[in-house]
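Counting in the numbering used here, the sequence shown runs from 794 upward without gaps. Quick reminder that beta carbons are idealized off the backbone N, C-alpha and C, glycines included. Small disclaimer: the values here were computed from a predicted structure and weren't measured.
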Amino acid sequence: MGKKSKQLFIVAGANGSGKSTFCSEFLQEEPITFLNADDIAKELCPENMESVAIAAGKELYKQS
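Below you can see the structure in the form of structure tokens.
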């Protein structure tokens, strides 16, 4: 009764270290879902992303 396995890739690093650049290049080769709390925060409140950081993290968790 084959269970479908899942994979999780976590890309972590300091601000400005190239995480987003790496992911954009990696995603061109791999058909996977990309979740980014900063992108979610930008959708929730583009004028003040920091004010919705926790809400964005919760939304990211729900989407994963």
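Closest Cα partner of residue i within the set the options
i           : options               : result
residue 832 : 846, 822, 855 and 795 : 846
Same chain, Cβ closer than 8 Å to residue i, neighbours up to 5 away in sequence not counted
i           : result
residue 799 : none
residue 816 : 804, 827 and 829
residue 810 : none
Presumed contact (8 Å Cβ cut-off) between residue i and residue j, rounded CB distance
i           : j           : result
residue 853 : residue 830 : 5 Å
residue 835 : residue 842 : 6 Å
residue 806 : residue 797 : 30 Å between Cβ atoms; not a contact.
Chain-order list of residues whose beta-carbon lies under 7 Å from that of residue i (same chain, five-residue window excluded)
i           : result
residue 848 : 837
residue 820 : 827
Item to check | Inside the region 828-853 only - alpha helix (DSSP H) runs reaching at least 4 residues | outcome: 830-837
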